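The numbering used here applies: residue 4 is where the sequence shown begins, and numbers increase by one.
Just so it is clear, CB atoms sit at the ideal spot from N, CA and C, and this is done for glycine as well.
Computed from a predicted model, the values in this text were never measured in an experiment.
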Amino acid sequence: MPEILLVLAVILIFFGAKKLPELAKGMGQGIKEFKKATRDATGEMERAMEDPPAYTPPPTPKISEQAS
């Protein structure tokens, strides 16, 4: 717990009290975007796992007649 207080104090010193709300807002938006991207990627992977692969029949061998 003391580490968190130390980090917060350093951030307050570097950015100042006026910039803290802007910084927190930016971090909140970043976290929100990260969670959305993670959710989208997870959903895409789940959909890919649910869909069976499309059936493609094996190619039929072509028999060529050779004159002897």
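Check, Outcome
"Leu15 beta carbon less than 8 Å from that of Leu9", "no"
"Contact under 8 Å by Cβ, Leu26 with Phe18", "yes"
"Between the CA atoms of Pro56 and Pro62 - distance to the nearest angstrom", "17 Å"
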